[in-house]
Amino acid sequence: MYLNCRVSSGFNGRLPFNLDLNKAMETLHGTSCTRRWRGKVLFLGLLGFVTIIWGFLSFNDGSLGMREKAPDMGGEKACILQQHFNVSKSQLLAFASLFSESDQIASLECTKEPGPGMMFGNVISCYLKVLCSDEEAENEEAKDQCLVQDENIRRKCDVSLLEDTSQTCTVQSTVSANRICEKEECAKENSQMLCTLVIRCWWAFVGMIMCYKLSGFSKKLWRNKKQKLVQKVKEQPLPRRKQPEKQQQQPPKPPKVAGTWRKNLLLVFIIFGFITSLWLWWHLCARDHLWREETLANMCDERARMLQDQFNVSLNHVHALAILVSTFHHGKQPTAIDQKTFGEYTERTAFERPLTSGVAYALKVTHAEREQFEKEHGWIIKKMETEDQTLVQDFITESLAPAPVQDEYAPVIFSQETVSHIVSIDMMSGKEDRENILRARATGKGVLTSPFKLLKSNHLGVVLTFAVYNADLPPDATPEQRIQATVGYLGASYDVPSLVEKLLHQLASKQTIVVNVYDTTNASAPINMYGTDVVDTGLLEISNLDFGDPQRKHEMHCRFKHKPPFPLTAASASIGVLVITFLVSHIFHAAISRIAKVEADYREMMELKVRAEAADVAKSQFLATVSHEIRTPMNGVLGMLQMLMDTDLGPNQQDYAETAHASGRELISLINEVLDQAKIESGRLELETVPFDLRSVLDNVLSLNSGKSNEKGIELAAYVSNMVPEVVIGDPGRFRQIITNLVGNSIKFTHDKGHIFVSVHLVDEVRAPPDLMDEVLRQGLNLVGDVSNKTYNTLSGFPVVNRWKSWEGFKSIRSTTPEESDMIKLLVTVEDTGVGIPLDAQSRIFTPFMQADSSTSRTYGGTGIGLSISKRLVDLMSGEIGFVSEPGTGSTFSFTGSFGKGEISSLETKWHQYEPAVSEFQGLRALIIDNKTIRTEVTKYHMQRLGISVDTVSCPESACVYLSSAGNTSLSTELAMVVIDKDVWDKEAGIILHHSIKEHRKNNVESLINLPKILLLATSITPVERNVVTSLGLVDKVLTKPLRLSVLIACFQEALGSRKKRLLNANKPTLGKLLRERRILVVDDNVVNRRVAEGALKKYGAIVTCVESGKAALLKLKPPHNFDACFMDLQMPEMDGFEATRLIRGMESEVNEKIAAGEASVEIFGNVENWHTPILAMTADVIQASNEECMKCGMDDYVSKPFEEEQLYSAVARFFESV
Amino acid sequence: MDAVAQWRNQWFDYTQYLRREGFLDDQFAQLKKLQDENSPDFVVEVVSLFFQDSEKLFNNMARALEQNVVNFKQVDAYVHQFKGSSAWIGAFRLKNVCINFRNFCEAQNLEGCLRCLQQLQQESTALKNKLENLFRLEQQIVAAGGSIPMME
């Protein structure tokens, strides 16, 4: 038990620290620690459990060892033995050797079991000491050698000096030994019970752990469920988002219930532990008490019996003496006994009656015989001094008065030397003695007096009286017969105190017990025969004593000398249980509170998570809304800025405005991106499915980026495989957005060299064997082989990364499952020769707002959101996006997307715009001179889109060869143009080419007029170069890359003659058409302005009249007039534009009213019913003269000054288009 | 042909130079576009008109600025007018000076105004010379039978 306490206390001593540590860790690691912590608790619990089990085992061992150890005490007991039994030396030696053997064993045991066993032994030994010390030495010995009990007993008998008592001793010791054994068993039982008790406690503990684990398990289950729930919720689309909140509101209940349940359990456990400890205390105390009681009873009985036995023995002796007297005194004539003989004999046999102080014989003398008797003996019968018994010390026989006259006398004739003083005293004269004598002769048995102070010795004593009969009486003789037969009385005085004293001396543990002997013949007034009045120590054991006299009753009262010692074992056991309970409950309390805390934290986390998610959704929505809302005013700002820039501005202002405009545009694009991101994030972005022309989308992207690429001198090209259908069904806007984004990135990260190449293929093409691939696709395959050449087989000759790697990981490419017939998968690749992406940044390139590194944004600007959006868009198109990048070489991005196959007829928009052009060029033939295969392919692709058949040669020289051979073989179609790339063109080559063409045509005179046009393809060309090239006449037209359909068409049309130009422009109403033959009044005070405006308007075919002031204008515009419109300057001296307009409108309305009222005929006013001349303000400052102000004074619109064709057109179109 | 090409090149360089230096801007190119068979001397006409007008305006401005109590509003109106005509013919630098001038007028800074006027006169003279050179070159080209190239 102690060990248990120690062990567990040791553990618990450490435990809080661990807890603290864990706590500290917890705060660091949060919930993630919980499981580990729980594991630790479990581990600790297990460890504690194991330790305690081990403790128990060692406890049992200890109790065993204790038994072995008990002999150790034998040594100490030896002296007691010596004292009480006068054990001979040899026997003692024998004992000693025996004990030392067992000692050795004990010490062996001890060495075998260090620590706990010893401790237990000690504890138990002291426990036993209490137990043992109560026993007499012999019993002790017997107990010590329980195993060799019988032998011991025999030996002990030998040892015993008193032969006649040895038997009883043997019996007693056997009894006591048995009893001790029983006691030991009891102790063992006790300890076993303790064990079972504690084991029960531990079962409870284990049970609690199980409960706890179970609850934990169930909680885990619950949590899993919840996680699933959350996941499910996450998967749900937006409209159902609100549900999780509701669902997550309800779970917090169970843990709370579990928590209180656990707390209740803990409380129950504590109460149970408390009760257990109390019960244990009570139980052990009761056991102790019971044991004490039993011990006391045993000891008391033992003593009583011993006393009784010894008394009986001496009674028998007295009886024998009586018979002796009867035989030798009365039976013999003359008597063989006289006083001397009797005295001697009794003196010599006194050892047989150790308890009697003396014996005397009194003769029955009747009153008639008194005189004779007195004469015979020579003394008179004396009376006993009854009333003066207290003063016995100076008892003198001579001083006693002669006995009074009575019927009968019983004078003492013989007496032992010790009581010789009572000779001649009449025993009948003492009241007690008389009764005694009478009773004795009537019963024929030994009769006792009540205790009284003995003569002389002053001790309390009793007198035993036997009647001596003159004849052998039958056992069933009547009292009368006995009285008749009585001849004398033998009395023996017993000195009770010394008797008891002697007896007690023989027994050990006299110190622990107090013995009182009472005569209880008179129950109401017991007479204390032995022992002092001791304080009540609680327990009292009463044993009856039978001294052979049925008339007298004696009792022995036994008490422990000391109050029962404090039950240390019980206390320690119960305190131990209590401590364990508290420690365990402390652990559990800590655990529970920890669990509660963790749970609370967890709930908080969940709540926070929900809130965070809600906030995320809200953020996305907010972004979407705000971005959208910002766009509207931003467009206003941009428009106004545009207008501002069109006005007269100083160079600084212009610069500011341009910067503002550029920033605004950036902002708009950023907002659009954010809006996209937010839309995608909130799942609101849905892709359109409309048919569109993929190639024109690509053209569009290219033309958008052409400015930037030309600025940087980067070659930009697009290529679409022939396998890709003309029209696909999908979301053109988003498709374009992705490509624009990728191309934009490429341009951003590509400096002044190389190219950006966009190519579109079918995914199936990539999977096809190499010989079925087109030239562009093969590029990637051949890349490695061509590295040996200094120039690479790429678009611009610069090295690129292996584009094949960029789609290596695509599932759609690796999978061989046939696709649906009406769906196609496109693979778009954007290849650049830029700086590349650093390797460490490649993994997070698709994360929103993440650029290659933070310095990127400083160097290149941008938000880094584009790629993320692209990825999401590609995801929406059920495609994949990937890239391969090598710092220093470049990057290639690839993505796939699913599109539907569309019919050409389904597309009605732009296509038709180019259709006449396409038909125009259909069947023409062109020669491409280029040394780069890919570039040739790209050019070819564009030409073929226009239906032009293409031949390719790699250099001007071979072109000449080609031309001459072509001339000879008289091809079916005429060569309409020669397209030469600037890379292979120089002045000499140009001249050679020029001449070669002329030569070639010399054979054919009729086609001399229609020489093939030479077109120069240039990535970037300065105006000077262009001027040089064109002015020399070696080249008819310069085509600036990127190539795209519209540019090609325009260029070819220009080059091949303007006759076909009108075809294209016929559909489009132009400013010239609108303004032709219109009469326009220009009002401006500034002569230069007037002249320029006039010139500009005249250019469009208008008939212009100029006036220099508002007043003049007023006159001119007074109805009826034939002006179709008026352009009016706002700021004029005398009468500004506003006022002039107001006045004009006034006049007009007057006339209109007149006409309406019929006051004036319509004819007078030129057959116009409602006069309203369109007046357009000419203003340099759009902001200053705001639209509203113009409108307020009756103007119809405004045009910026100087005229911009677009704006002028849009303004004028309103008025003239309908006419 | 060689002479014409040379002149053309010269003309090209000269226009590039004028634009680079900011004497002229896009508007001048626009103006050139307005010139066609119907009005072959349109640009020269407009430019001479402009210079006549500017002479008059300069005088007006100078007079206005000489007054004891300068009517800045009046001066501003003149400058505005001049700025308008400068914008029309695409005289970029003159236009910018006008903008400064107007700022000074608004601030009623007489000194600044005078300085600007001076600057205007200088710039205008410089522009006049440059344009005369250009026109002479064009005349040469035309006389030699070449065509005046379009300004980009």
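If you read the sequences in order, they're chains A and B. Just so you know, full-length UniProt numbering puts 532 at position 532 of the first sequence, and the rest follows in order with no gaps. Just so you know, full-length UniProt numbering puts 130 at position 130 of the second sequence, and the rest follows in order with no gaps. Note that CB positions come from ideal geometry on N, CA and C, so glycine has one too. In this text the structure is predicted, and so the values were computed from the model without any measurement.
By the C-beta density criterion, B/Tyr17 is exposed, having fewer than 16 other C-beta atoms within 10 angstroms.
If you draw a straight line from the Cα of A/His994 to the Cα of A/Asp1036, it comes to about 10 Å.
A direct Cα-Cα distance of roughly 47 Å separates A/Ser891 from B/Ala91. Counting along the chain, the unbroken beta strand (DSSP E) around A/Thr829 starts and ends at Met823 to Asp832. Contact check for A/Pro411 and A/Asp426: beta-carbon distance about 5 Å, within the 8 Å limit, so the pair qualifies.
For the set A/Gly343, A/Trp379, A/Leu490 and A/Val447, the Cα lying nearest the Cα of A/Lys364 is the one of A/Leu490. Within the same chain, Ser885 come within 7 Å of A/Gln842 by CB-CB distance, once the 5 residues on both sides are set aside.
In the three-state scheme derived from DSSP, where H, G and I count as helix and E and B as strand, A/Leu1034 is classed as coil. The C-alpha of A/Ala350 lies about 11 Å from the C-alpha of A/Ala492. The beta carbon of A/Gln653 sits closer than 9 Å to some beta carbon of chain B.
A/Thr933 sits away from A/Ser796, with the two beta carbons spaced by 9 Å or more. Here A/His283 carries a helix assignment [DSSP, helix/strand/coil]. Interface with chain A (9 Å Cβ-Cβ cutoff): B/Gly84 is included. One alpha carbon belongs to A/Val1092, the other to A/Ile1080, and they sit about 14 Å apart.
By the Cβ neighbour-count rule, A/Leu1115 is exposed, with fewer than 16 other Cβ atoms within 10 Å of its own.
Check the Cα spacing between A/Asp832 and each of A/Lys748, A/Glu480, A/Val1083 and A/Ser996: the tightest is with A/Lys748.
Residue pairing from DSSP places A/Pro411 in a beta bridge opposite A/Asp426. A Cβ-Cβ contact shorter than 9 Å links A/Ser703 with A/Val1047. Secondary structure of A/Ser796 (DSSP, three-state): coil. According to the DSSP assignment, A/Arg1079 belongs to the beta strand (DSSP E) that extends over Arg1079 to Val1083. A/Thr933 sits in a helix when the DSSP states are folded into three classes.
Taking a beta-carbon distance threshold of 9 Å, B/Ala107 does not count as an interface residue toward chain A.
Judged by beta-carbon spacing, B/Leu65 lies within the 9 Å limit of B/Leu117, meaning their Cβ atoms are closer than that value. In this structure, the beta-carbon distance from A/Leu641 to A/Ala660 falls below 9 Å.
Where A/Pro565 is concerned, there is no enclosing alpha helix (DSSP H), because DSSP gives it neither an H nor an E.
Separation of the CB atoms of B/Ala87 and A/Asp648 is rounded to 5 Å, and the pair is thereby assigned contact status at 8 Å.
At a beta-carbon threshold of 7 Å, the residues of chain B lying near A/Ala1096 are Leu34, ordered along the chain.
A/Val758 is a Cβ neighbour of A/Thr829, given a cutoff of 9 Å.
Taking C-beta atoms under 8 Å as the contact rule, A/His562 and A/Thr520 fail to qualify, at a distance of about 26 Å. Residue burial is scored here from C-beta neighbours: A/Asn745 has at least 16 other C-beta atoms within 10 angstroms and is therefore classed as buried. Minimum Cα-Cα distance from A/Ile756 among the listed residues A/Phe735, A/Thr889 and A/Leu762 corresponds to A/Thr889.
Contact check for A/Asp752 against A/Ile714 passes: the beta carbons are separated by less than 9 Å. Taking the C-beta atoms as reference points, A/Glu903 is found no nearer than 9 Å to A/Pro732. Here DSSP, grouped into helix, strand and coil, assigns A/Glu880 to coil.
For A/Pro354, there is no enclosing alpha helix (DSSP H), as DSSP marks it with neither H nor E. Contact between A/Met306 and A/Cys558 fails: their C-beta atoms lie close to 12 Å from each other, not under 8 Å.
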